[in-house]
Structures are given as C-alpha cells and as structure tokens.
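*Asks:*
Numbering (mature numbering (1 follows the signal peptide of the UniProt record, and there is no 0)), first residue to last: -36 to -1, 1 to 128.
1. Contact between the segment 80 to 90 and the segment 106 to 120 is defined here as three or more beta-carbon pairs at a separation below 8 Å; is this criterion met?
2. Can you tell me whether residue 100 is buried or exposed, with buried defined as 16 or more other CB within 10 angstroms of its CB?
3. Buried or exposed: which applies to residue 6, given that a residue is buried once 16 or more other Cβ atoms fall within 10 Å of its Cβ?
4. Write down the C-beta distance between residue 103 and residue 46 rounded to the nearest angstrom, noting that I regard them as a contact closer than 8 Å.
5. What are the residues that DSSP puts in a beta bridge with residue 40?
6. Take residue 95 as the anchor and find which of 18, 69, 3 has the nearest alpha-carbon.
7. Can you grab the Cα-Cα spacing for the pair residue -2 / residue 119, in whole Å?
8. With a threshold of 16 other CB atoms inside 10 Å of the CB of residue 12, please say whether the residue is buried or exposed.
9. Taking residue 210 as the reference, give the member of 41, 24, 92, 52 with the closest Cα.
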C-alpha cells in the first residue's frame, strides 16, 4: 500500500520535532561524559607508602578506567604525592604519557614492594615504557623524585598494598 505524500510529510515533521526536543538532552549527556575525563582525577582513594624514611601520599588507581586516565591533565603535583596503579594479576605493564602534562618517573613494583625498574617519561608522548618483568604495581611520581632520594631498582617500598 502506497503512502500519501501528506503522511510522509507528517512523519518527517514529527521526526524533526522529536529530534529538536531530544537533541539538547542527548548532547548534554555526551558533553557530561566527556567532561569527566577532561579534568584530572583528584578524588581517588589514597594510601600512605614509605620509601625508607620518606613518606608518600598516593592515589590508588584500581579500576581499568582509573588506570587509563591516571595522572592525565594534572598541571602540578606535590613532591610527596604520586599515583599507585594496582593490577589484578602480575604482567608486563607498559605506560605512555598521552595527555599527561607532568614529566613523571614510573617505578615498576613487584608484589613484595620491591622496585623492579624505573622509567623516566616525557609529557604528552606515546613512547612506551614497560616493566622489566611481570608486576602488579606501578608507582608514578614527579620525574627526579626517585633519583633525588637515591632510590633505584631493588629498593624496598612499604605500605598496605604490598602486604599479602
């Protein structure tokens, strides 16, 4: 059965009206989702770690989304603060710095809290920095923090995440 041209016009007009009414809501929803990732994530749970006599206040990135965002879009970070990425299983972990504004050093840490290796990372690059062996933890600090404290591979970190 063939539709009358008038019926097609009414359907098209109804669809346009519906789109006009719903589009602000749809676009507002998409914009809200995008804004959540544009700013730094500052509200993650925190814990205290020790590196010898040095005390660190670190945010915990425990979910895939938290780990993916990491320290992106942070313009500054106090020297005694960092972010500890916690993975479910030990694996070779690789990090990059796209959308990360701060120069950072990643400490790849085993289950016992021993630093396996360190990697200095340049801001806003996609260069890959990987652990030398499978690890469950990666601690990111301002670049130079570990060097200034004389902390190298083999150094033992302390804190609740490393207690099993």
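Glycine residues also receive a C-beta, built at the ideal position from the N, C-alpha and C atoms.
*Replies:* Result, derived from the coordinates:
1. Note that the segment 80 to 90 touches the segment 106 to 120; at least 3 beta-carbon pairs, one per stretch, sit closer than 8 Å.
2. Under the 10 Å beta carbon count, residue 100 is surrounded by 16 or more other beta carbons and is classified as buried.
3. Classification of residue 6: exposed, given that the 10 Å Cβ count is below 16.
4. Contact annotation, residue 103 with residue 46: C-beta distance approximately 6 Å; criterion of less than 8 Å satisfied.
5. Under DSSP, residue 40 takes part in no beta bridge, so it has no partner.
6. Taking only the C-alpha atoms, the option nearest residue 95 is 69.
7. At residue -2 the pLDDT is 39, less than 50, meaning the model places this residue with poor confidence; the figure from the coordinates comes in the next sentence. Looking at the two C-alpha atoms, the distance is approximately 39 Å.
8. Counting the other Cβ atoms within 10 Å of the Cβ of residue 12 gives fewer than 16, which makes it exposed.
9. With the chain covering -36 to 128 only, the question about residue 210 has no answer from this structure.
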